[in-house]
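Numbered per the working numbering, the sequence shown spans residues 189 to 576. The beta carbon of each residue, even a glycine, is placed where N, CA and C say it ideally should be.
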Amino acid sequence: MTDLATRAAAPPASLLRRAAPALLGYAAVRALGLAVLAVWSAARGKSAYTLLTARWDSLWYARVAGPGYGYEVRLPNGDVHSDLAFFPLLPWLERLGHAVAPLSYADAGFAVSVLASLAAAWGIFAVAERVYGPRVGVFAVLLWAVLPVGIVQSMAYSESLFTALAAWSLYAVLTDRWPVAGLLAALAGLTRPVGLAVVAAVWAAGVLSLVRDRRAGRSTEAPAWQRLLGLLLAPLGAAGYVLWVGRRTGKGPFGYLDVQAGWRNGFDGGYAFARFAAGRFTSFPSALAGAGLVIGVALLIRLYVTGVRQRQPLALLVYTGVVLALALCASSYFGSKPRLLMPAFPVLFPLARALADLRPPRSALVTAGVAVASAVYGAFWLNGSGPP
189 MTDLATRAAA PPASLLRRAA PALLGYAAVR ALGLAVLAVW SAARGKSAYT
239 LLTARWDSLW YARVAGPGYG YEVRLPNGDV HSDLAFFPLL PWLERLGHAV
289 APLSYADAGF AVSVLASLAA AWGIFAVAER VYGPRVGVFA VLLWAVLPVG
339 IVQSMAYSES LFTALAAWSL YAVLTDRWPV AGLLAALAGL TRPVGLAVVA
389 AVWAAGVLSL VRDRRAGRST EAPAWQRLLG LLLAPLGAAG YVLWVGRRTG
439 KGPFGYLDVQ AGWRNGFDGG YAFARFAAGR FTSFPSALAG AGLVIGVALL
489 IRLYVTGVRQ RQPLALLVYT GVVLALALCA SSYFGSKPRL LMPAFPVLFP
539 LARALADLRP PRSALVTAGV AVASAVYGAF WLNGSGPP
């Protein structure tokens, strides 16, 4: 692993030049995915662009961007789906795009996601290069691009925006830019509930560095006031929105939990997900899906443990661990688990290292094959059940 203590942070222009191969590869994978989606959707008489911008959560974000918060749906069973469940940064950016350009809110959401996905790819490269070197950085970006539900990165959803903010916040931690890390963590906290993972990573790394400095009797990193400022900034986004929801609903600090309960979202330690997976084994066709779920979760855990053994920086381990825990232990929307896991990009680093160790022709062949499979699956998935 790279010696992070002695390696200087690269200037943005230099980092962008080194990231160019990764970004070009990422763009090629995403272009392939969109092309396959367009062909598949046309064959089924559907609009690929509508699937990307005007279905599921995209509609909720667009409604918030337009008239603002206050829309809800009351279901026959008594559940209340409120738009307060959706964090505000993406709708704010959609409103900004609508105001400064001839774009609908949906168009603006798509533009934000496309740009944010490139920023996320660059941030993933920056983090992986910082820890393992440029070759691993390229493969980390390509692996993130070819995730089975990678098509979500091109949807008017908040996953790409959140991943970009998370990746650059983690990079700022690794390069001792604590105010920047805290500010980006705060913005991530305004994007998705899992912003808690970025806050936890900043706090864990910051507190550890302060403790080490105190034990050493001197500061070997950024000044203590900068780290303290980063720690103070990090939770402001998530805390501010949660408190605002509590005030709006009149239910105090726990008002946001009530909003999530209306969507039947909660945290039960994975009990409901385990029951869901076990229920797949009641018949032969669904047993294959159950086996896939078990294998997938086991692989994620193994990759995380490998990251621990490879001595990934504490910030990455905390961030990845919290993302995995929040995604796997939520009690509802089991079909959404793959896209909820998408921001956990450091879990891909052990695979990226393995690909980087292969000979270039073999690693290129493996990556190309997985990219084609991902494009086909993404088109099939989005034209079928797709994400809620």
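Of the other Cβ atoms in all chains shown, fewer than 16 fall within 10 Å of the Cβ of Phe442; this residue is therefore exposed.
Here DSSP, grouped into helix, strand and coil, assigns Phe274 to coil.
In summary, Ile312 is buried, with 16 or more beta-carbon neighbours lying within 10 Å of its beta-carbon over all protein chains present. Inclusion of Leu353 and Arg318 in the CB contact set at 9 angstroms is not warranted, their separation being larger than that value. Taken in chain order, the unbroken stretches of alpha helix (DSSP H) that lie wholly in the region 245-298 and span 4 residues or more are 245-253 and 277-288. By the Cβ-count criterion, Trp413 is exposed, with fewer than 16 other Cβ atoms from all chains shown falling within 10 Å of its own Cβ. Excluding its 5 nearest sequence neighbours in each direction, Gly495 has C-beta neighbours in its own chain below 8 angstroms: Leu504, Leu505, Thr508, Pro534, Val535, Phe537 and Pro538, listed in chain order. Excluding the 5 residues flanking it on each side, Ala344 has same chain C-beta neighbours closer than 7 angstroms at Leu240, Thr241, Ser246, Tyr249, Ala294, Gly297, Phe298 and Ser301, in chain order. Cβ contact annotation for Leu222 (same chain, cutoff 7 angstroms, sequence separation greater than five): Ser342, in chain order. By the 16-neighbour rule on beta-carbons within 10 angstroms, Glu282 is buried.
The region 508-525 makes contact with the region 446-461: 3 or more CB pairs, one atom from each, lie closer than 8 angstroms. A distance below 7 angstroms between beta-carbons, with the five flanking residues on each side excluded, links Arg541 to the following residues of its chain, in chain order: Tyr320 and Val324. In terms of Cβ geometry, Gly338 and Gly370 do not form a close pair [threshold 9 angstroms]. Within the same chain, Cβ atoms closer than 8 angstroms to the Cβ of Gly523 are found at Ser573, Pro575 and Pro576, the five residues on either side in sequence being excluded. In the DSSP assignment, Ala207 is bridged to no other residue. Listed as beta-bridge partners of Ala518 by DSSP are Phe455. Ile483: member of the alpha helix (DSSP H) spanning Phe472 to Arg497, first to last residue. Non-local beta-carbon contacts of Tyr257 in its own chain, meaning distances under 7 angstroms to residues more than five positions away in sequence, involve Asp271 and Leu272 in chain order. Only residues of its own chain outside the window of five on either side were considered, and among them none has a CB closer than 8 angstroms to the CB of Gly557.
Within 10 angstroms of the beta-carbon of Ala532 lie 16 or more other beta-carbons, which makes it buried. Taking each of Leu543, Val227 and Met530 in turn and checking the Cα distance to Val564, the smallest one comes out for Val227.
Counted as a single uninterrupted DSSP element, the alpha helix (DSSP H) harbouring Lys525 occupies residues Lys525 to Leu528. DSSP places Ser357 inside the alpha helix (DSSP H), whose first and last residues are Glu347 to Leu362. Less than 9 angstroms divides the Cβ of Leu570 from the Cβ of Leu225.
Inclusion of Leu398 and Leu416 in the CB contact set at 9 angstroms is warranted, their separation being smaller than that value.
In terms of Cβ geometry, Val329 and Leu420 do not form a close pair [threshold 9 angstroms]. For Phe568, the enclosing alpha helix (DSSP H) begins and ends at Pro548 to Asn571. Counting only the Cα atoms, Phe461 lies some 37 angstroms from Pro322. Counting along the chain, Gly394 sits inside the alpha helix (DSSP H) bounded by residues Gly383 to Ala404.
CA-to-CA, the gap between Ser305 and Leu349 works out to about 7 angstroms. For the set Ser229, Asn265 and Leu278, the Cα lying nearest the Cα of Gly566 is the one of Ser229. Per DSSP, Val334 lies in no alpha helix (DSSP H) segment and is marked neither H nor E.
In this structure, the beta-carbon distance from Ala207 to Trp310 falls below 9 angstroms.
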